[in-house]
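Asks: Under the numbering used here, the residues of the sequence shown are numbered 212 to 628, in order.
To start, I am sharing the structure in question, which I have written as C-alpha coordinates.
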Amino acid sequence: QAWRVWPAVALLAVLLAASYVRLWPRINNHDFAVFYRAGQRLRAGESVYADTAAFKAALDNGRFDLKADITWPYAYPPLPAILMVPVTFLPYDVAATGWTLLNIGLLVAGCALVVAALLRFEVSRAFYSAFLVAGALAALIAFYPAEVALRLGQLEIVQFFLIALAFWLLVTDCELSGGAVLGLATALKLFPGALIGLLLWQRRYRAAAAGLVVGLGGLIVGYSAVGWHELPAYLAFTSAYTAGGMLAFPFNQSLTAFWTRNLTFNLFSEPLRGLNLPLLARLLSLASIAAVGLPTVALCWGRLRGWAFALSYALAVTALLLVLPHSQVYGFVWLLLPLLTLLAWLWMHRGRGRWTRVLLSLGLVGLYLLVGRHWVYYRPLVTRLVTAHVTFGTLGLWAFVAAALLHSRGRQPQMLE
212 QAWRVWPAVA
222 LLAVLLAASY
232 VRLWPRINNH
242 DFAVFYRAGQ
252 RLRAGESVYA
262 DTAAFKAALD
272 NGRFDLKADI
282 TWPYAYPPLP
292 AILMVPVTFL
302 PYDVAATGWT
312 LLNIGLLVAG
322 CALVVAALLR
332 FEVSRAFYSA
342 FLVAGALAAL
352 IAFYPAEVAL
362 RLGQLEIVQF
372 FLIALAFWLL
382 VTDCELSGGA
392 VLGLATALKL
402 FPGALIGLLL
412 WQRRYRAAAA
422 GLVVGLGGLI
432 VGYSAVGWHE
442 LPAYLAFTSA
452 YTAGGMLAFP
462 FNQSLTAFWT
472 RNLTFNLFSE
482 PLRGLNLPLL
492 ARLLSLASIA
502 AVGLPTVALC
512 WGRLRGWAFA
522 LSYALAVTAL
532 LLVLPHSQVY
542 GFVWLLLPLL
552 TLLAWLWMHR
562 GRGRWTRVLL
572 SLGLVGLYLL
582 VGRHWVYYRP
592 LVTRLVTAHV
602 TFGTLGLWAF
612 VAAALLHSRG
622 RQPQMLE
(Lines of atoms letter the chains of each structure in order from A; the text may use other names.)
(Lines give C-alpha, C1' and ligand atoms only; values in the text may rest on other atoms or scores of the structure.)
Protein backbone atom coordinates (compact mmCIF):
# COMPACT_ATOMS: atom_id res chain seq x y z
CA GLN A 212 0.00 0.00 0.00
CA ALA A 213 2.95 2.31 -0.55
CA TRP A 214 1.00 4.24 -3.19
CA ARG A 215 -1.16 5.70 -0.41
CA VAL A 216 1.85 7.44 1.11
CA TRP A 217 3.32 8.98 -2.04
CA PRO A 218 0.68 11.75 -2.39
CA ALA A 219 1.61 12.82 1.15
CA VAL A 220 5.28 12.72 0.10
CA ALA A 221 4.52 15.02 -2.84
CA LEU A 222 2.63 17.45 -0.58
CA LEU A 223 5.45 17.47 1.97
CA ALA A 224 7.98 18.16 -0.80
CA VAL A 225 5.95 21.20 -1.88
CA LEU A 226 5.74 22.42 1.73
CA LEU A 227 9.50 21.97 2.15
CA ALA A 228 10.18 23.99 -1.00
CA ALA A 229 7.80 26.69 0.28
CA SER A 230 9.66 26.79 3.60
CA TYR A 231 12.93 27.49 1.77
CA VAL A 232 11.27 30.21 -0.30
CA ARG A 233 10.06 31.79 2.95
CA LEU A 234 13.55 31.51 4.46
CA TRP A 235 15.40 32.93 1.45
CA PRO A 236 15.00 36.69 2.26
CA ARG A 237 16.48 36.08 5.75
CA ILE A 238 19.63 34.37 4.47
CA ASN A 239 22.60 36.65 5.20
CA ASN A 240 25.49 34.16 4.74
CA HIS A 241 27.27 35.81 7.66
CA ASP A 242 29.58 32.84 8.23
CA PHE A 243 30.06 32.07 4.53
CA ALA A 244 31.53 35.57 4.23
CA VAL A 245 34.17 34.50 6.77
CA PHE A 246 35.09 31.46 4.62
CA TYR A 247 35.13 33.58 1.47
CA ARG A 248 37.38 36.20 3.11
CA ALA A 249 39.73 33.45 4.33
CA GLY A 250 40.01 32.16 0.75
CA GLN A 251 40.77 35.66 -0.50
CA ARG A 252 43.49 36.11 2.11
CA LEU A 253 45.02 32.77 1.19
CA ARG A 254 45.12 33.85 -2.46
CA ALA A 255 46.85 37.07 -1.43
CA GLY A 256 49.40 35.23 0.71
CA GLU A 257 47.99 36.63 3.95
CA SER A 258 47.18 34.89 7.22
CA VAL A 259 43.73 33.30 7.39
CA TYR A 260 43.80 33.87 11.16
CA ALA A 261 44.58 37.61 10.92
CA ASP A 262 41.39 38.63 12.76
CA THR A 263 41.62 36.18 15.65
CA ALA A 264 43.91 38.16 17.98
CA ALA A 265 41.71 41.29 18.14
CA PHE A 266 38.54 39.22 18.52
CA LYS A 267 39.98 37.13 21.37
CA ALA A 268 41.35 40.25 23.08
CA ALA A 269 37.84 41.77 23.07
CA LEU A 270 36.49 38.60 24.68
CA ASP A 271 39.23 38.42 27.30
CA ASN A 272 38.92 42.11 28.20
CA GLY A 273 35.13 42.04 28.46
CA ARG A 274 34.74 44.54 25.60
CA PHE A 275 32.93 42.17 23.26
CA ASP A 276 29.54 43.45 22.09
CA LEU A 277 27.36 41.09 20.08
CA LYS A 278 25.54 44.05 18.52
CA ALA A 279 28.71 45.84 17.41
CA ASP A 280 29.88 45.79 13.81
CA ILE A 281 32.86 43.49 14.26
CA THR A 282 34.86 41.28 11.91
CA TRP A 283 34.27 37.68 12.89
CA PRO A 284 37.46 35.64 12.52
CA TYR A 285 38.12 32.41 10.67
CA ALA A 286 38.18 29.72 13.38
CA TYR A 287 38.66 26.43 11.50
CA PRO A 288 41.51 24.25 10.27
CA PRO A 289 43.00 25.48 6.97
CA LEU A 290 41.29 22.98 4.63
CA PRO A 291 37.95 24.88 4.29
CA ALA A 292 39.87 28.06 3.40
CA ILE A 293 41.98 26.16 0.85
CA LEU A 294 38.87 24.67 -0.76
CA MET A 295 37.33 28.15 -0.85
CA VAL A 296 40.19 29.61 -2.94
CA PRO A 297 38.70 28.59 -6.36
CA VAL A 298 35.32 29.93 -5.21
CA THR A 299 36.81 33.39 -4.66
CA PHE A 300 37.24 33.80 -8.42
CA LEU A 301 33.44 34.13 -8.54
CA PRO A 302 31.71 37.37 -7.49
CA TYR A 303 30.68 37.17 -3.84
CA ASP A 304 26.92 37.30 -4.52
CA VAL A 305 27.16 34.45 -7.04
CA ALA A 306 29.31 32.39 -4.69
CA ALA A 307 26.98 32.99 -1.73
CA THR A 308 23.88 32.00 -3.72
CA GLY A 309 25.63 28.89 -4.97
CA TRP A 310 26.66 28.00 -1.42
CA THR A 311 23.08 28.27 -0.19
CA LEU A 312 21.75 26.09 -3.01
CA LEU A 313 24.52 23.56 -2.43
CA ASN A 314 23.65 23.37 1.26
CA ILE A 315 19.97 22.80 0.53
CA GLY A 316 20.94 19.99 -1.84
CA LEU A 317 23.33 18.43 0.68
CA LEU A 318 20.72 18.64 3.43
CA VAL A 319 18.21 16.68 1.35
CA ALA A 320 20.89 14.29 0.09
CA GLY A 321 22.09 13.61 3.64
CA CYS A 322 18.58 12.63 4.73
CA ALA A 323 18.25 10.45 1.62
CA LEU A 324 21.47 8.62 2.55
CA VAL A 325 20.21 8.00 6.09
CA VAL A 326 16.94 6.62 4.71
CA ALA A 327 18.79 4.43 2.20
CA ALA A 328 20.97 3.03 4.98
CA LEU A 329 18.00 2.25 7.24
CA LEU A 330 16.11 0.51 4.43
CA ARG A 331 18.93 -2.06 4.31
CA PHE A 332 17.38 -3.58 7.46
CA GLU A 333 13.98 -4.22 5.83
CA VAL A 334 13.17 -6.81 3.17
CA SER A 335 9.78 -5.30 2.23
CA ARG A 336 11.01 -1.84 1.31
CA ALA A 337 8.19 -0.43 -0.83
CA PHE A 338 6.01 0.92 1.98
CA TYR A 339 8.83 1.81 4.35
CA SER A 340 10.72 3.74 1.70
CA ALA A 341 7.69 5.98 1.18
CA PHE A 342 7.12 6.17 4.93
CA LEU A 343 10.70 7.22 5.73
CA VAL A 344 10.89 9.68 2.84
CA ALA A 345 7.72 11.29 4.19
CA GLY A 346 9.26 11.35 7.67
CA ALA A 347 12.46 12.96 6.38
CA LEU A 348 10.60 15.65 4.45
CA ALA A 349 8.38 16.41 7.44
CA ALA A 350 11.43 16.65 9.71
CA LEU A 351 13.17 19.08 7.33
CA ILE A 352 10.27 21.55 7.16
CA ALA A 353 11.22 24.59 9.28
CA PHE A 354 13.82 22.53 11.19
CA TYR A 355 15.37 25.20 13.40
CA PRO A 356 19.05 24.08 13.39
CA ALA A 357 18.98 23.62 9.60
CA GLU A 358 17.39 27.03 9.06
CA VAL A 359 20.04 28.71 11.22
CA ALA A 360 22.79 26.87 9.32
CA LEU A 361 21.30 27.94 5.98
CA ARG A 362 20.72 31.51 7.11
CA LEU A 363 24.31 31.95 8.27
CA GLY A 364 25.91 29.89 5.50
CA GLN A 365 27.58 27.62 8.03
CA LEU A 366 29.66 24.49 7.40
CA GLU A 367 27.53 22.14 9.49
CA ILE A 368 25.26 20.96 6.68
CA VAL A 369 28.34 19.79 4.77
CA GLN A 370 29.40 18.00 7.95
CA PHE A 371 25.95 16.42 8.29
CA PHE A 372 26.12 15.18 4.71
CA LEU A 373 29.55 13.62 5.30
CA ILE A 374 28.41 11.98 8.56
CA ALA A 375 25.32 10.61 6.77
CA LEU A 376 27.44 9.39 3.84
CA ALA A 377 29.80 7.63 6.25
CA PHE A 378 26.78 6.04 7.99
CA TRP A 379 25.47 4.68 4.68
CA LEU A 380 28.90 3.39 3.67
CA LEU A 381 29.44 1.66 7.02
CA VAL A 382 25.99 0.05 6.94
CA THR A 383 26.74 -1.26 3.43
CA ASP A 384 30.10 -2.68 4.64
CA CYS A 385 32.22 -0.16 2.71
CA GLU A 386 34.36 0.35 5.77
CA LEU A 387 37.43 1.94 4.21
CA SER A 388 35.32 4.49 2.35
CA GLY A 389 33.17 5.19 5.41
CA GLY A 390 36.21 5.82 7.58
CA ALA A 391 37.81 8.01 4.90
CA VAL A 392 34.68 10.18 4.70
CA LEU A 393 34.76 10.70 8.47
CA GLY A 394 38.42 11.62 8.09
CA LEU A 395 37.50 14.28 5.54
CA ALA A 396 34.85 15.66 7.90
CA THR A 397 37.49 15.79 10.64
CA ALA A 398 39.95 17.67 8.43
CA LEU A 399 37.25 20.29 7.74
CA LYS A 400 36.25 20.67 11.39
CA LEU A 401 37.74 18.57 14.15
CA PHE A 402 34.59 17.46 16.00
CA PRO A 403 33.65 14.46 13.77
CA GLY A 404 36.98 12.91 14.75
CA ALA A 405 35.16 11.53 17.80
CA LEU A 406 33.23 9.24 15.43
CA ILE A 407 36.56 7.80 14.27
CA GLY A 408 37.06 6.99 17.95
CA LEU A 409 33.71 5.15 17.82
CA LEU A 410 35.05 3.01 14.96
CA LEU A 411 38.12 2.11 17.02
CA TRP A 412 35.94 1.34 20.05
CA GLN A 413 33.81 -0.99 17.92
CA ARG A 414 36.89 -2.74 16.53
CA ARG A 415 36.33 -1.50 12.99
CA TYR A 416 40.06 -1.07 12.64
CA ARG A 417 40.25 -0.70 8.85
CA ALA A 418 37.62 2.04 8.87
CA ALA A 419 39.29 3.80 11.79
CA ALA A 420 42.70 3.61 10.11
CA ALA A 421 41.28 5.13 6.92
CA GLY A 422 39.69 7.91 8.96
CA LEU A 423 42.90 8.68 10.82
CA VAL A 424 44.98 8.70 7.62
CA VAL A 425 42.60 11.02 5.76
CA GLY A 426 41.90 13.24 8.77
CA LEU A 427 45.51 13.69 9.80
CA GLY A 428 46.54 13.94 6.15
CA GLY A 429 44.05 16.75 5.56
CA LEU A 430 45.28 18.64 8.62
CA ILE A 431 48.94 18.16 7.68
CA VAL A 432 48.35 19.26 4.09
CA GLY A 433 46.35 22.25 5.30
CA TYR A 434 48.94 23.54 7.72
CA SER A 435 51.75 22.77 5.29
CA ALA A 436 49.98 25.01 2.77
CA VAL A 437 49.32 27.95 5.10
CA GLY A 438 52.43 27.49 7.24
CA TRP A 439 52.85 25.68 10.54
CA HIS A 440 53.40 29.00 12.26
CA GLU A 441 49.61 29.48 11.99
CA LEU A 442 48.85 26.51 14.27
CA PRO A 443 49.44 28.38 17.58
CA ALA A 444 47.05 31.14 16.47
CA TYR A 445 44.37 28.54 15.71
CA LEU A 446 44.84 26.75 19.04
CA ALA A 447 44.90 29.99 21.03
CA PHE A 448 41.69 31.22 19.46
CA THR A 449 39.77 27.94 19.77
CA SER A 450 40.46 28.01 23.52
CA ALA A 451 37.97 30.90 23.68
CA TYR A 452 35.30 28.51 22.43
CA THR A 453 36.27 25.50 24.54
CA ALA A 454 37.09 27.16 27.87
CA GLY A 455 36.79 30.93 27.42
CA GLY A 456 34.34 33.74 26.86
CA MET A 457 32.43 32.15 23.98
CA LEU A 458 31.24 29.23 26.14
CA ALA A 459 28.18 31.27 27.15
CA PHE A 460 27.36 32.34 23.57
CA PRO A 461 23.55 32.21 23.16
CA PHE A 462 23.68 29.74 20.25
CA ASN A 463 25.82 27.30 22.26
CA GLN A 464 23.54 24.46 23.39
CA SER A 465 26.08 22.12 25.00
CA LEU A 466 25.79 20.94 28.60
CA THR A 467 28.83 23.05 29.53
CA ALA A 468 27.23 26.14 28.01
CA PHE A 469 24.03 25.63 30.03
CA TRP A 470 25.86 25.63 33.36
CA THR A 471 28.21 28.44 32.31
CA ARG A 472 25.35 30.76 31.30
CA ASN A 473 23.38 30.10 34.47
CA LEU A 474 26.10 30.03 37.13
CA THR A 475 28.85 32.45 36.02
CA PHE A 476 29.24 36.06 34.99
CA ASN A 477 29.52 36.16 31.22
CA LEU A 478 29.32 38.55 28.28
CA PHE A 479 25.95 37.44 26.95
CA SER A 480 23.38 36.93 29.74
CA GLU A 481 22.82 37.45 33.45
CA PRO A 482 23.47 34.34 35.56
CA LEU A 483 20.73 32.88 37.73
CA ARG A 484 20.06 35.27 40.65
CA GLY A 485 23.37 37.01 39.98
CA LEU A 486 25.40 33.96 40.99
CA ASN A 487 29.04 33.68 40.01
CA LEU A 488 30.12 30.13 40.85
CA PRO A 489 32.60 29.08 38.16
CA LEU A 490 33.88 26.07 40.13
CA LEU A 491 30.35 24.73 40.63
CA ALA A 492 29.60 25.34 36.94
CA ARG A 493 32.72 23.40 35.97
CA LEU A 494 31.90 20.50 38.33
CA LEU A 495 28.30 20.28 37.11
CA SER A 496 29.52 20.39 33.52
CA LEU A 497 31.94 17.52 34.13
CA ALA A 498 29.27 15.53 35.98
CA SER A 499 26.77 16.06 33.14
CA ILE A 500 29.34 15.07 30.54
CA ALA A 501 30.14 11.91 32.51
CA ALA A 502 26.44 11.09 32.90
CA VAL A 503 26.03 11.19 29.12
CA GLY A 504 29.46 10.01 28.01
CA LEU A 505 30.01 6.94 30.19
CA PRO A 506 26.73 5.15 29.31
CA THR A 507 27.33 6.02 25.65
CA VAL A 508 30.78 4.44 25.75
CA ALA A 509 29.42 1.34 27.48
CA LEU A 510 26.47 0.87 25.12
CA CYS A 511 28.55 1.37 21.97
CA TRP A 512 31.20 -1.22 22.87
CA GLY A 513 31.85 -4.08 20.45
CA ARG A 514 31.53 -4.77 16.76
CA LEU A 515 27.79 -4.26 16.48
CA ARG A 516 25.69 -5.06 13.47
CA GLY A 517 22.23 -4.29 12.11
CA TRP A 518 20.00 -2.09 14.20
CA ALA A 519 22.47 -2.13 17.07
CA PHE A 520 25.14 -0.49 14.91
CA ALA A 521 22.70 2.07 13.48
CA LEU A 522 21.52 3.01 16.97
CA SER A 523 25.07 3.13 18.35
CA TYR A 524 26.11 5.53 15.58
CA ALA A 525 23.02 7.66 16.26
CA LEU A 526 23.76 7.60 20.00
CA ALA A 527 27.36 8.70 19.44
CA VAL A 528 26.26 11.60 17.22
CA THR A 529 23.70 12.74 19.81
CA ALA A 530 26.09 12.42 22.75
CA LEU A 531 28.82 14.26 20.87
CA LEU A 532 26.64 17.36 20.51
CA LEU A 533 25.94 17.36 24.25
CA VAL A 534 29.44 16.75 25.60
CA LEU A 535 31.42 19.03 23.30
CA PRO A 536 32.08 22.32 25.10
CA HIS A 537 31.00 24.36 22.10
CA SER A 538 27.98 23.03 20.20
CA GLN A 539 26.33 25.85 18.29
CA VAL A 540 22.65 25.37 17.55
CA TYR A 541 23.28 24.99 13.80
CA GLY A 542 25.44 21.93 14.59
CA PHE A 543 22.31 20.20 15.87
CA VAL A 544 21.30 19.68 12.25
CA TRP A 545 23.19 16.40 12.83
CA LEU A 546 20.18 15.30 14.93
CA LEU A 547 18.31 14.51 11.73
CA LEU A 548 20.27 11.23 11.70
CA PRO A 549 19.17 9.96 15.15
CA LEU A 550 15.64 11.27 14.62
CA LEU A 551 15.22 9.30 11.39
CA THR A 552 16.96 6.27 12.88
CA LEU A 553 14.56 6.20 15.82
CA LEU A 554 11.55 6.65 13.55
CA ALA A 555 12.66 3.72 11.41
CA TRP A 556 13.47 1.55 14.44
CA LEU A 557 10.05 2.18 15.98
CA TRP A 558 8.14 1.07 12.89
CA MET A 559 10.45 -1.34 11.08
CA HIS A 560 11.90 -3.28 14.02
CA ARG A 561 9.64 -6.18 15.02
CA GLY A 562 8.45 -6.98 18.51
CA ARG A 563 6.07 -4.25 19.69
CA GLY A 564 2.36 -3.56 19.28
CA ARG A 565 0.81 -0.87 17.13
CA TRP A 566 -0.30 1.30 20.05
CA THR A 567 3.10 1.05 21.69
CA ARG A 568 4.61 2.31 18.45
CA VAL A 569 2.10 5.14 18.26
CA LEU A 570 2.78 6.29 21.84
CA LEU A 571 6.55 6.11 21.39
CA SER A 572 6.22 7.97 18.10
CA LEU A 573 4.29 10.75 19.84
CA GLY A 574 7.14 11.01 22.33
CA LEU A 575 9.59 11.24 19.43
CA VAL A 576 7.50 14.01 17.87
CA GLY A 577 7.62 15.90 21.16
CA LEU A 578 11.41 15.67 21.26
CA TYR A 579 11.56 16.74 17.62
CA LEU A 580 9.53 19.84 18.43
CA LEU A 581 11.93 20.72 21.25
CA VAL A 582 15.03 20.53 19.06
CA GLY A 583 13.43 21.48 15.75
CA ARG A 584 11.58 24.69 16.58
CA HIS A 585 12.63 28.03 18.05
CA TRP A 586 10.70 28.57 21.27
CA VAL A 587 10.70 32.00 22.94
CA TYR A 588 9.00 33.03 26.20
CA TYR A 589 9.42 36.28 28.11
CA ARG A 590 9.27 35.28 31.76
CA PRO A 591 12.57 35.29 33.68
CA LEU A 592 12.86 31.67 34.81
CA VAL A 593 10.87 30.18 31.95
CA THR A 594 12.89 32.12 29.40
CA ARG A 595 16.13 30.87 30.96
CA LEU A 596 14.96 27.27 30.53
CA VAL A 597 13.41 27.79 27.11
CA THR A 598 16.63 29.23 25.70
CA ALA A 599 18.08 25.78 26.43
CA HIS A 600 15.22 23.87 24.79
CA VAL A 601 17.56 22.36 22.19
CA THR A 602 19.78 21.07 25.01
CA PHE A 603 16.85 19.50 26.85
CA GLY A 604 15.37 18.04 23.68
CA THR A 605 18.74 16.53 22.77
CA LEU A 606 19.06 15.04 26.26
CA GLY A 607 15.66 13.41 25.82
CA LEU A 608 16.61 12.16 22.38
CA TRP A 609 19.87 10.75 23.77
CA ALA A 610 17.94 8.84 26.45
CA PHE A 611 15.50 7.52 23.82
CA VAL A 612 18.28 6.28 21.54
CA ALA A 613 20.16 4.77 24.49
CA ALA A 614 17.04 2.85 25.59
CA ALA A 615 16.48 1.64 22.01
CA LEU A 616 20.09 0.49 21.75
CA LEU A 617 19.90 -1.30 25.10
CA HIS A 618 16.71 -3.02 23.94
CA SER A 619 18.26 -3.93 20.59
CA ARG A 620 21.36 -5.40 22.21
CA GLY A 621 19.31 -7.35 24.75
CA ARG A 622 16.76 -8.97 22.45
CA GLN A 623 19.17 -10.83 20.19
CA PRO A 624 22.90 -11.31 19.67
CA GLN A 625 24.26 -8.22 17.95
CA MET A 626 27.95 -9.12 17.98
CA LEU A 627 29.72 -10.47 14.95
CA GLU A 628 31.70 -13.65 15.49
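Note that beta-carbon positions come from the ideal geometry of N, C-alpha and C, so glycine has one too.
To the nearest angstrom, report how far apart L488 and T475 are at their CA atoms.
Replies: In the sequence shown, the residue the question calls residue 488 occupies position 277. In the sequence shown, the residue the question calls residue 475 occupies position 264. Rounded to whole angstroms, L488 to T475 spans 6 angstroms at the Cα level.
Asks: Could you tell me which of A229, A307 and L226 sits nearest to F246, measuring between CA atoms?
Replies: By 1-based counting over the sequence shown, the position of residue 246 is 35. It is A307 whose Cα lies nearest to the Cα of F246.
Asks: Measuring straight from C-alpha to C-alpha, what distance separates G408 and R215?
Replies: Here residue 408 corresponds to residue number 197 of the sequence shown, with the count starting at 1. Here residue 215 corresponds to residue number 4 of the sequence shown, with the count starting at 1. Rounded to the nearest angstrom, the two C-alpha atoms are 42 angstroms apart.
Asks: Mapping DSSP to helix, strand and coil, what is A239?
Replies: Locating residue 239 in the sequence shown gives position 28, where the first residue counts as 1. What sits at residue 239 in the sequence shown is Asn, not Ala. Three-state DSSP puts N239 in coil, outside helix and strand.
Asks: Would you list, in sequence order, the uninterrupted alpha helix (DSSP H) runs of no fewer than 4 residues that lie entirely inside the region 462-542?
Replies: Whole alpha helix (DSSP H) segments, 4+ residues: 466-474, 489-510 and 517-534.
Asks: Please classify I368 as buried or exposed, where buried requires at least 16 other C-beta atoms within 10 Å of its C-beta.
Replies: Stepping through the sequence shown from its first residue, residue 368 is reached at position 157. Answer is buried; the Cβ neighbour count reaches 16.
Asks: Buried or exposed: Y416, going by 16 or more other Cβ atoms within 10 Å of its Cβ?
Replies: Residue numbering aside, residue 416 sits at position 205 when the sequence shown is read from its first letter. Classification for Y416: exposed.
Asks: Less than 8 angstroms between the CB atoms is what I'm expecting for V326 and F378, so what's the real figure, rounded?
Replies: Mapped onto the sequence shown, residue 326 falls at position 115. Mapped onto the sequence shown, residue 378 falls at position 167. So it is not a contact: roughly 11 angstroms between Cβ atoms.
Asks: With a threshold of 8 angstroms on Cβ separation, who are the neighbours of Q251 within its own chain once the five nearest residues in sequence on each side are excluded?
Replies: By one-based count along the sequence shown, residue 251 stands at place 40. Cβ neighbours of Q251 beyond the five flanking positions: T299.
Asks: Assuming the contact rule is C-beta atoms closer than 8 angstroms, L343 and L329 should be a hit. Round their C-beta distance to whole Å, please.
Replies: Here residue 343 refers to the residue found at position 132 of the sequence shown. Here residue 329 refers to the residue found at position 118 of the sequence shown. Rounded, the Cβ-Cβ distance is 6 angstroms, consistent with contact.
Asks: So, with DSSP's three-state summary, where would you put E628?
Replies: Counting from 1 along the sequence shown, the entry for residue 628 is found at position 417. Low confidence applies to E628: its pLDDT is 29, below 50, so where it sits in the model is not reliable enough to give any reading.
Asks: Considering D384, what are the terminal residues of the alpha helix (DSSP H) in which it resides?
Replies: Position 173 of the sequence shown holds residue 384. Where D384 is concerned, there is no enclosing alpha helix (DSSP H), given that its DSSP letter is neither H nor E.
Asks: Whole angstroms are fine: how far does the CA of G485 sit from the CA of A375?
Replies: Residue numbering aside, residue 375 sits at position 164 when the sequence shown is read from its first letter. Residue numbering aside, residue 485 sits at position 274 when the sequence shown is read from its first letter. Cα-Cα distance, rounded: 42 angstroms.
Asks: Mind checking which residues open and close the alpha helix (DSSP H) that includes W558?
Replies: As a working note, residue 558 is residue 347 in the sequence shown. Element bounds for W558: L547 to M559.
Asks: Give the DSSP-derived three-state secondary structure of V582 in the structure shown.
Replies: The residue labelled residue 582 in the question sits at position 371 within the sequence shown. V582 falls in the helix class under three-state DSSP.
Asks: If distances are taken between C-alpha atoms only, which option among S523, L580 and L478 comes closest to N272?
Replies: Position 61 of the sequence shown, counted from the start, is the residue given in the question as residue 272. Checking every option, the nearest Cα to that of N272 belongs to L478.
Asks: Where do the N-terminal and C-terminal ends of the alpha helix (DSSP H) with A454 fall, by residue?
Replies: Residue 454 sits at position 243 when you count from the first residue of the sequence shown. Element bounds for A454: n/a, residue is neither H nor E.
Asks: Nearest CA to the CA of G621: which residue from M295, W518, L253 and R414?
Replies: Along the sequence shown, one-based indexing puts residue 621 at 410. The shortest Cα separation from G621 among M295, W518, L253 and R414 belongs to W518.
Asks: So, is S435 buried or exposed, given that buried needs 16 or more other C-beta atoms within 10 angstroms?
Replies: As a first step, residue 435 is located in the sequence shown; it is residue number 224 there, counting from the start. Label assigned to S435: exposed.
Asks: Go through the region 355-409 residue by residue and report every complete run of the alpha helix (DSSP H) that reaches 4 residues or more, in order.
Replies: Entirely contained in the region 355-409, the alpha helix (DSSP H) runs reaching 4 residues are, in chain order, 355-363, 367-382 and 386-399.
Asks: Given a cut-off of 8 angstroms on the beta-carbon distance, is the pair F520 and P356 in contact?
Replies: The residue labelled residue 520 in the question sits at position 309 within the sequence shown. The residue labelled residue 356 in the question sits at position 145 within the sequence shown. No, they are not a contact pair.
Asks: Taking L557 and S572 to be in contact with their CB atoms under 8 angstroms, please state how far apart those CB atoms are, rounded to whole angstroms.
Replies: Counting from one through the sequence shown, the residue named residue 557 turns up at place 346. Counting from one through the sequence shown, the residue named residue 572 turns up at place 361. At roughly 6 angstroms, the Cβ-Cβ gap stays under 8 angstroms, so L557 and S572 are in contact.
Asks: Is it right to say V540 is buried, meaning 16 or more other beta carbons lie within 10 angstroms of its own, or is it exposed?
Replies: Counting from 1 along the sequence shown, the entry for residue 540 is found at position 329. So V540 counts as buried.
Asks: Roughly how many angstroms lie between the CA atoms of A229 and L495, to the nearest whole one?
Replies: As a working mapping, residue 229 is identified with position 18 in the sequence shown. As a working mapping, residue 495 is identified with position 284 in the sequence shown. C-alpha separation (whole angstroms): 43 angstroms.
Asks: Locate the alpha helix (DSSP H) running through G422, then write down its first and last residues.
Replies: The sequence position of residue 422 within the sequence shown is 211, counting from 1. Run containing G422: Y416 to V437, per the alpha helix (DSSP H) assignment.
Asks: Take every Cβ of the region 597-613, pair it with every Cβ of the region 580-587, and state whether three or more of those distances are shorter than 8 angstroms.
Replies: They touch, by the three-pair rule.
Asks: Mapping DSSP to helix, strand and coil, what is P297?
Replies: Residue 297 sits at position 86 when you count from the first residue of the sequence shown. In this structure, P297 counts as helix in the three-state DSSP scheme.
Asks: Let me confirm a value: D242 is counted as buried when at least 16 other C-beta atoms fall within 10 Å, else exposed. Which label applies?
Replies: Taking the sequence shown and counting its residues from 1, one reaches residue 242 at position 31. Buried, since its Cβ has 16 or more Cβ neighbours within 10 Å.
Asks: Rounded to whole angstroms, what's the CA-CA distance from L222 to V359? Just pull it up for me.
Replies: Here residue 222 is taken as the residue at index 11 of the sequence shown, counted from 1. Here residue 359 is taken as the residue at index 148 of the sequence shown, counted from 1. Looking at the two C-alpha atoms, the distance is approximately 24 angstroms.
Asks: Quick one: grab the DSSP three-state call for A268.
Replies: Taking the sequence shown and counting its residues from 1, one reaches residue 268 at position 57. A268: helix per DSSP, three-state reduction.
Asks: Distance, Cα to Cα, L442 vs V425?
Replies: Position 231 of the sequence shown holds residue 442. Position 214 of the sequence shown holds residue 425. Rounded to whole angstroms, L442 to V425 spans 19 angstroms at the Cα level.
Asks: Can you name, in chain order, every residue of its own chain whose Cβ lies under 8 angstroms from the Cβ of P218, other than the five neighbours on each side?
Replies: To locate residue 218, count along the sequence shown from 1; it is residue 7. There are no such residues.
Asks: Count the other CB atoms, across all protein chains shown, that sit within 10 Å of the CB of D634; report buried if there are 16 or more and exposed otherwise.
Replies: Not covered by the structure: residue 634. The range shown for the chain is 212 to 628.
Asks: In or out: H537 buried (at least 16 other Cβ within 10 Å) or exposed?
Replies: As a working note, residue 537 is residue 326 in the sequence shown. Its Cβ being crowded by 16 or more others within 10 Å, H537 is buried.
Asks: If you run the structure through DSSP and keep just helix, strand and coil, what is G256?
Replies: Locating residue 256 in the sequence shown gives position 45, counting from the first residue. In the structure shown, G256 sits in coil (DSSP, three-state: anything other than H, G, I, E or B).
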